[in-house]
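Protein chains in written order, with the working numbering: chain A, 20 to 251; chain B, 99 to 363; chain C, 116 to 409.
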Amino acid sequence: MTAMIELANAEKTFTMHLQGGVELPVVRGVSFHADPGECVVLSGPSGAGKSSILKMIFGNYRCDSGRIDIRHHGKVIDLATAEPRQVLSIRRSTIGYVSQFLRAVPRVATIDVVAEPLIANGVPREEARERAGKLLRRLNIPERLWTLPPSTFSGGEQQRVNIARGFISDLPILLLDEPTASLDAANRAVVVELIAEKKTKGVAMVAIVHDDEIRHLIADRIVDVTSFAAAA
Amino acid sequence: MSELASLDNDQPLLVADGLAKNYGRLAACRDVSFALYPGEVLAIVGESGSGKSTLLQLLSAQLAPSAGRVSYRMRDGVLRDLAELGEAERRFLFRTDWGFVHQDPAQGLRMGVSAGANVGERLMAVGWNHYGRIRDTASTWLERVEIDVGRIDDAPKTYSGGMRQRLQIARNLVTEPRLVFMDEPTGGLDVSVQARLLDLMRNLVSELGLAAIVVTHDLAVARLLSHRVMVMKGGRVIETGLTDQVLDDPREPYTQLLVSSILPP
Amino acid sequence: MNAPTYNFAYLDEQTKRMIRRAILKAIAIPGYQVPFASREMPMPYGWGTGGVQVTAAILGPEDVLKVIDQGSDDTTNAISIRKFFGKTAGVATTTSTTDATVIQTRHRIPEASLHAGQVLVYQVPIPEPLRFLEPRETETRRMHALAEYGLMHVKLYEDIARFGHIATAYAYPVKVNARYVMDPSPTPKFDNPKMDNCAALQLFGAGREKRIYAIPPYTTVVSLDFEDHPFTRYRFNAPCALCGADNSYLDEIVTDDKGGRMFVCSDTDFCEQRQAAGHHGTESAAPHKEKAHV
Numbered sequence: 020m021t022a023m024i025e026l027a028n029a030e031k032t033f034t035m036h037l038q039g040g041v042e043l044p045v046v047r048g049v050s051f052h053a054d055p056g057e058c059v060v061l062s063g064p065s066g067a068g069k070s071s072i073l074k075m076i077f078g079n080y081r082c083d084s085g086r087i088d089i090r091h092h093g094k095v096i097d098l099a100t101a102e103p104r105q106v107l108s109i110r111r112s113t114i115g116y117v118s119q120f121l122r123a124v125p126r127v128a129t130i131d132v133v134a135e136p137l138i139a140n141g142v143p144r145e146e147a148r149e150r151a152g153k154l155l156r157r158l159n160i161p162e163r164l165w166t167l168p169p170s171t172f173s174g175g176e177q178q179r180v181n182i183a184r185g186f187i188s189d190l191p192i193l194l195l196d197e198p199t200a201s202l203d204a205a206n207r208a209v210v211v212e213l214i215a216e217k218k219t220k221g222v223a224m225v226a227i228v229h230d231d232e233i234r235h236l237i238a239d240r241i242v243d244v245t246s247f248a249a250a251a
Numbered sequence: 099m100s101e102l103a104s105l106d107n108d109q110p111l112l113v114a115d116g117l118a119k120n121y122g123r124l125a126a127c128r129d130v131s132f133a134l135y136p137g138e139v140l141a142i143v144g145e146s147g148s149g150k151s152t153l154l155q156l157l158s159a160q161l162a163p164s165a166g167r168v169s170y171r172m173r174d175g176v177l178r179d180l181a182e183l184g185e186a187e188r189r190f191l192f193r194t195d196w197g198f199v200h201q202d203p204a205q206g207l208r209m210g211v212s213a214g215a216n217v218g219e220r221l222m223a224v225g226w227n228h229y230g231r232i233r234d235t236a237s238t239w240l241e242r243v244e245i246d247v248g249r250i251d252d253a254p255k256t257y258s259g260g261m262r263q264r265l266q267i268a269r270n271l272v273t274e275p276r277l278v279f280m281d282e283p284t285g286g287l288d289v290s291v292q293a294r295l296l297d298l299m300r301n302l303v304s305e306l307g308l309a310a311i312v313v314t315h316d317l318a319v320a321r322l323l324s325h326r327v328m329v330m331k332g333g334r335v336i337e338t339g340l341t342d343q344v345l346d347d348p349r350e351p352y353t354q355l356l357v358s359s360i361l362p363p
Numbered sequence: 116m117n118a119p120t121y122n123f124a125y126l127d128e129q130t131k132r133m134i135r136r137a138i139l140k141a142i143a144i145p146g147y148q149v150p151f152a153s154r155e156m157p158m159p160y161g162w163g164t165g166g167v168q169v170t171a172a173i174l175g176p177e178d179v180l181k182v183i184d185q186g187s188d189d190t191t192n193a194i195s196i197r198k199f200f201g202k203t204a205g206v207a208t209t210t211s212t213t214d215a216t217v218i219q220t221r222h223r224i225p226e227a228s229l230h231a232g233q234v235l236v237y238q239v240p241i242p243e244p245l246r247f248l249e250p251r252e253t254e255t256r257r258m259h260a261l262a263e264y265g266l267m268h269v270k271l272y273e274d275i276a277r278f279g280h281i282a283t284a285y286a287y288p289v290k291v292n293a294r295y296v297m298d299p300s301p302t303p304k305f306d307n308p309k310m311d312n313c314a315a316l317q318l319f320g321a322g323r324e325k326r327i328y329a330i331p332p333y334t335t336v337v338s339l340d341f342e343d344h345p346f347t348r349y350r351f352n353a354p355c356a357l358c359g360a361d362n363s364y365l366d367e368i369v370t371d372d373k374g375g376r377m378f379v380c381s382d383t384d385f386c387e388q389r390q391a392a393g394h395h396g397t398e399s400a401a402p403h404k405e406k407a408h409v
């Protein structure tokens, strides 16, 4: 396969044991792929399972059946059956995830939060910080905030820190969950630019975007999730 | 980086195989098997009485299993059954290649002896015989765990709870162990003190490429520190997997109950 | 009077055999503390019950006994023990270090070097050198068994951290025969080098703690230290006021309530021998007289 991501009949059901074992089907028969340099946008109404699919590709949600093939270090690994160690390795060097909310560690300075993925991959601390600073500047985070932990920031600022952290590394796959949700027009434009740059570097992306305008700007292909909806 | 190199290492550091411990008819721990790799942090979660502390004692060779065994890859690369190590070897391992962070720092520290000597003891135990070098190394470690070096000659009985715990960590890490056992390391500390300690431990673990087995009932600690988690109930491991996977997509009824019992932040 | 009601040297023969077995084991494992069934002695704990039992077990009718307390032959404790064995064993007693075959001591090693065939018996209050840092006996025993002696250096580290040098002045820990760390009883560290490669047999008895240990003749005894804080002897920087010796361990004697003091040899036999040989210090050995107040 040349695709970076290939899902085939992936399926996910929640069993709510605390609610008397209610089965909550989420998605079924999910099949699509994403090639290098391509941004696939998932569309569909709220609750259709877009975020769940993204989480399955990241290995955050388990996949009950089907395959989620990821090209990792030139080999194809099925995330649905991968060992935890493999998933960790994939996350470190193949898949990046930009969530809606920043799950930051308390007390760590913003600049270090952003630089961390690079440092974890062996980039010297100084260089990592320099690149983090560049990205933060582009995303209009004032330099005086860099040494503060992001937990003290506004929602939009936190989101931008999160984007910087997600975009800083050179991972071949990026998953974007509403990256522009709470941003103003100027910063939305920056994110669109960043996505375009990633495409030229051959990064495969799967995104969820509600804003139609942004969707048209970034999407190479749109996958309608409604057909995968498993809810009765 | 060390973490990168060690996480891609395919040889397990510690292997538990069918571990069980019975106290009379009570099975405190049954049929636990897993492999821990260099640089990997494993959290063992569960309520009091779930068998997690017993398991920690089995893993760290402080308790002999009723069945099964624990093997550890020694620094020479050979995987050895811990039960076959002589006491001297086992204790040497404990002082050098392993660390053990107790919930109660008074158990892991010499409360009446200065902080410097607390940190230096392991060095002296492996034959360091130069006061100046021992003291310099102790100072460096106090700095790393964010203790004012001016307090090096004070005994931990004059320290706050958070400082004691950080000192305990320094005392354990000074010999650059490859595996650290932690038993509720943040238990009994204020929330703000906990956050600082967790942050510190997280950094040290990744900087040093340490493998760690952390017993905790606090899922937030597991989330922040560990790569993988094992959920225990009634002496059994009922669910295991990537930490965020188990916490965000719990399968077992008991795990769902644990996760749903966390107060929202 | 030789009291016929007492067995030779007070203890019954079974007890002596038990103690001798402990002594033999102690000699076989230099520095190792051998437990023994310490008996009640007709003296309180702390007055040398351990030393007295060891002496009683090794004493023969031909032995010549010397007893010193802090180097002195004429303190209450020394005189009592000397009299005790004079009465219960009928052995000859002496104050001369050279003439004695058995010397029981509290807190000193004589200045005159000991010769082959002599036995030095130490009274020991607390035999365990690790005790003050590790209160559990089970643990200290294991530490000895596994030669885990890092803790001993912790004690020395604490000294340097607090005082800038190793301030331990007595009961200074030693390593015997490159194996066991041992408490040399509360002798001043000035005496530590005398234990090394000593021609005499050294036996240690702790009555209350029920332990016997030993240093066989010509055994290596090394005082613990750090490379950058090596072991040093300590003595007051003065000659003996009575005999003028400048290489002996000195006692400080306060002579009035105005800060007046003098330093004299702690080893009374050594001091008297020197004076008999014509050495003199700044003071005469005559009983001290009150000086007239000005």
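For every residue, glycine included, the Cβ atom is placed at its ideal position computed from N, Cα and C.
If you draw a straight line from the alpha carbon of residue i to that of residue j, how long is it in whole angstroms?
i        : j        : result
Val247/B : Arg233/B : 11 Å
Ala310/B : Arg178/B : 19 Å
Asn270/B : Phe192/B : 9 Å
Leu183/B : Phe190/B : 10 Å
Leu298/B : Ala318/B : 15 Å
Tyr125/C : Leu180/C : 15 Å
Pro168/A : Phe120/A : 15 Å
Asn307/C : Asp298/C : 10 Å
Lys119/B : Phe132/B : 16 Å
Glu350/B : Arg334/B : 13 Å
Phe123/C : Ala171/C : 8 Å
Return no unless some Cβ of chain C is closer than 9 Å to the Cβ of residue i.
i        : result
His315/B : no
Ala223/B : yes
Tyr229/B : yes
Arg294/B : no
Gln211/B : Checking the displayed sequence, the identity of residue 211/B turns out to be Val instead of Gln. Yes - at least one Cβ of chain C is within 9 Å of the one on Val211/B.
Arg208/B : yes
Glu219/B : yes
So what does residue i bridge to, in DSSP terms?
i        : result
Thr203/C : Looking at the DSSP assignment, Thr203/C forms no beta bridge with any residue, so it has no partner.
Thr341/B : Beta-bridge pairing links Thr341/B to no other residue.
Ile24/A  : Ala53/A and Ile89/A
Taking only heavy atoms of the ligand NAD into account, decide whether any of them is closer than 8 Å to the Cβ of residue i.
i        : result
Ala114/B : You won't find the ligand NAD in this model; it holds no ligand whatsoever.
Given a cut-off of 9 Å on the beta-carbon distance, is the pair residue i and residue j in contact?
i        : j        : result
Pro275/B : Gly197/B : yes
Thr341/B : Val327/B : yes
Leu117/B : Ala165/B : yes
Glu226/C : Phe385/C : yes
Val225/A : Leu107/A : no
Arg111/A : Ala139/A : yes
Gly259/B : Gly286/B : yes
Pro240/C : Gly186/C : no
Lys150/B : Val313/B : yes
Please check if any C-beta of chain B sits within less than 9 Å of the C-beta of residue i.
i        : result
Val337/C : no
Ile134/C : no
Val296/C : no
Arg184/A : no
Phe346/C : no
Ala276/C : yes
Phe172/A : no
His229/A : no
Please check if any C-beta of chain A sits within less than 9 Å of the C-beta of residue i.
i        : result
Glu241/B : no
Glu101/B : At Glu101/B, the pLDDT of 43 sits below 50, so the modelled position is not reliable; the number obtained from the coordinates is stated separately. For Glu101/B, the answer is yes, since a Cβ of chain A falls inside 9 Å of its Cβ.
Gln354/B : yes
Arg128/B : no
Chain-ordered residues of the region 70-94 of chain A with a beta carbon less than 8 Å from chain B: Lys74, Gly78, Asn79, Tyr80 and Arg81
Check each residue of the region 163-187 of chain B: if its Cβ is closer than 8 Å to any Cβ of chain C, include it; give the result in chain order. Result list: Glu185 and Ala186.
Please name the residues in the region 243-269 of chain B whose beta-carbon is closer than 7 Å to at least one beta-carbon of chain C, in chain order. Asp251
When you check each C-beta in the region 94-105 of chain A against every C-beta of chain B, which residues fall closer than 9 Å? Pro103 and Arg104
The region 303-333 of chain B: positions lying closer than 9 Å to chain A by Cβ: Ser304, Arg321, Leu322, His325 and Arg326
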